[in-house]
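Engineer:
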Amino acid sequence: MMGVPCLNGAVAIARSRDKLRALQLLTRKDIDVPVTVCARSPKDMDMMLELVGGTPVIVKLQQGTQGIGVMIAETRQAVSSLLETLWGMGQDIIVQQYIAEAKGRDVRAFVVGNRVVAAMRRSAKAGEFRSNLHRGGEGQRVHLNDEYKRAAVAATKVMGLEVAGVDMLESSTGPKILEINSSPGLEGIERSTSVDVADKIIARAERYVERRGQRATDAVIDAERRARRLQSSVTPSGSSRGPAASDRSRSR
Ligand SMILES: Nc1ncnc2c1ncn2[C@@H]1O[C@H](COP(=O)(O)OP(=O)(O)OP(=O)(O)O)[C@@H](O)[C@H]1O
Ligand SMILES: [Mg+2]
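Going by this note's numbering, the sequence shown runs without a break in its numbering and finishes at 253.
1. Whole angstroms is fine: what's the gap from Arg-213's alpha carbon to Ile-181's?
2. Would you report the Cα separation of Ser-81 and Lys-104, rounded to the nearest angstrom?
3. Does the beta carbon of Asp-168 fall short of 7 Å from some heavy atom of ligand 2?
4. Assign Thr-194 to buried or exposed, taking buried as 16 or more other Cβ atoms, counted over all protein chains shown, within 10 Å of its Cβ.
5. DSSP three-state call for Asp-147: helix, strand or coil?
6. Am I right that Ala-40 and Val-96 are in contact with their C-beta atoms under 8 Å? What's the rounded C-beta distance?
7. So within the segment 70-98, which uninterrupted alpha helix (DSSP H) runs reach at least 4 residues, ignoring any that extend past its ends?
8. For Ala-206, which residues from the same chain have a beta carbon less than 7 Å from its beta carbon, with the 5 sequence-adjacent residues on both sides left out?
9. What are the partner residues of Val-113, as DSSP defines its beta bridges?
10. In the structure shown, what three-state DSSP assignment does Lys-177 receive?
11. Just tell me which of Ile-203, Gln-92 and Val-235 has its CA closest to the CA of Val-60.
12. Please identify the residue among Glu-191, Ala-155, Val-198 and Glu-211 whose C-alpha is closest to the C-alpha of Lys-177.
13. Would you check if there are 3 or more beta carbon pairs closer than 8 Å linking the segment 210-224 to the segment 113-132?
14. For the alpha helix (DSSP H) that contains Leu-134, what are its first and last residues?
15. Could you give the distance in angstroms between the alpha-carbon of Arg-29 and the alpha-carbon of Arg-230?
16. Around the C-beta of Ile-32, are 16 or more other C-beta atoms found within 10 angstroms, so that it is buried, or is it exposed?
17. Using CA coordinates, which residue listed in Leu-134, Glu-171, Tyr-209 and Glu-75 is at the minimum distance from Pro-185?
18. Do Leu-62 and Asp-107 come within 8 Å of each other at the CB atom, strictly closer than that value?
19. Is any heavy atom in ligand 2 found nearer than 7 Å to the beta carbon of Gly-180?
20. Return the Cβ separation of Ile-100 and Pro-35 in integer angstroms, given the expectation that the two are a contact with Cβ distance under 8 Å.
21. Can you tell me where the beta strand (DSSP E) holding Gly-1 begins and where it ends?
22. Short check: CB of Val-198 to CB of Val-117, under 8 Å?
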């Protein structure tokens, strides 16, 4: 609104922040995600568990971060008591298929524009299933194959983001996107990969502004051209009426 170009716009950020919304948008574009359902009432319990493939399941707050609000429920009883408690606190929650073959590891791909500029595999500490660095996970640089790179860039595009931290699980059927972070931290990824990610973001911002600047200039030139065309169509050449004519007659 203030004409200040920003790489990640408000709409794209809002889309990515809501985990359920983001997963719905990805699914619509045939981007693979773990089966996820939105739980509303206890009567949906059995159908919901069946849809996500039975226990253990992952229960998440729709807007959690750093692994907070991400829980595992091993039994039906654990699921129902957990959901009842969270509903009681007025929380919006999702229930998600547990991707066991991930074995406490995930991949964080850092996307800038149309490229993965750095990626790390995060491994959870012993006894933990969440690989977030803030939960004691360890990051190691990883060179992604094209399938994972494509999935990360495609997911970022679906959100409409220019900069994103895409979390993916390595499943037996390929990458499964967990979420797309619109303001991913730099510390962990730069330390684990030794890539100067900040520099890549700045370079993208410079190109973004240049392109926008060029577009703005083009728009002005177009408008001027249109005005001139309009002008020449309303004041046929040689007529004495209208401002341009008076100037010309004066100069002669
Ligand atoms: N469906 C799942 N199956 C297996 N592991 C999962 C699943 N969902 C999440 N995890 C593990 O839990 C971690 C945190 O989950 P997720 O990325 O959804 O939460 P988060 O709190 O938003 O994280 P972030 O800090 O990246 O925003 C993941 O990095 C992954 O290790
Ligand atoms: Mg995450």
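Where a beta carbon is used, it is the ideal one built from N, C-alpha and C, also for glycine.
Being a predicted model, the structure only gives us computed values, none of them experimental.
Structural biologist: In short:
1. For the purposes of this step, residue 213 is taken as residue 212 along the sequence shown, with counting starting at 1. For the purposes of this step, residue 181 is taken as residue 180 along the sequence shown, with counting starting at 1. Between Arg-213 and Ile-181, the C-alpha separation is close to 25 Å.
2. Mapped onto the sequence shown, residue 81 falls at position 80. Mapped onto the sequence shown, residue 104 falls at position 103. The straight-line gap from Cα to Cα measures roughly 25 Å.
3. As a working mapping, residue 168 is identified with position 167 in the sequence shown. The answer is yes for Asp-168.
4. Position 193 of the sequence shown, counting from 1, holds the residue named residue 194. It counts as buried.
5. Translated into the one-based positions of the sequence shown, residue 147 becomes position 146. The three-state secondary structure of Asp-147, taken from DSSP, is helix.
6. In the sequence shown, residue 40 corresponds to position 39, counting from 1. In the sequence shown, residue 96 corresponds to position 95, counting from 1. Sure, about 5 Å apart at Cβ, within 8 Å.
7. 77-89, all fully within the segment 70-98.
8. As a first step, residue 206 is located in the sequence shown; it is residue number 205 there, counting from the start. Correct list, in chain order: Leu-8.
9. One-based indexing of the sequence shown puts residue 113 at position 112. Arg-116 and Val-164.
10. The sequence position of residue 177 within the sequence shown is 176, counting from 1. Looking at Lys-177 - three-state DSSP - the assignment turns out to be strand.
11. Your numbering for residue 60 matches position 59 in the sequence shown. Out of Ile-203, Gln-92 and Val-235, Gln-92 has the C-alpha closest to the C-alpha of Val-60.
12. Your numbering for residue 177 matches position 176 in the sequence shown. Residue Ala-155 is the option with its Cα nearest to Lys-177.
13. no
14. Counting from one through the sequence shown, the residue named residue 134 turns up at place 133. Note, Leu-134: premise wrong, no alpha helix (DSSP H); not H, not E.
15. Here residue 29 is taken as the residue at index 28 of the sequence shown, counted from 1. Here residue 230 is taken as the residue at index 229 of the sequence shown, counted from 1. Going by C-alpha positions, Arg-29 is about 45 Å away from Arg-230.
16. Within the sequence shown, the letter at position 31 stands for residue 32. Counting Cβ neighbours within 10 Å, Ile-32 comes out buried, since at least 16 surround it.
17. Here residue 185 refers to the residue found at position 184 of the sequence shown. The residue with the shortest Cα to Cα distance from Pro-185 is Leu-134.
18. Position 106 of the sequence shown, counted from the start, is the residue given in the question as residue 107. Position 61 of the sequence shown, counted from the start, is the residue given in the question as residue 62. Going by C-beta atoms, Asp-107 is not nearer than 8 Å to Leu-62.
19. Counting from one through the sequence shown, the residue named residue 180 turns up at place 179. Just to set this straight, residue 180 is Glu in the shown sequence, not Gly. Answer for Glu-180: yes, Cβ within range of ligand 2.
20. For the purposes of this step, residue 100 is identified with residue 99 of the sequence shown, where counting begins at 1. For the purposes of this step, residue 35 is identified with residue 34 of the sequence shown, where counting begins at 1. Ile-100 to Pro-35, Cβ: 6 Å. Contact.
21. Outside the displayed range of the chain (2 to 253) lies residue 1, so it cannot be described from this structure.
22. As a first step, residue 198 is located in the sequence shown; it is residue number 197 there, counting from the start. As a first step, residue 117 is located in the sequence shown; it is residue number 116 there, counting from the start. In this structure, Val-117 does not lie closer than 8 Å to Val-198 by Cβ.
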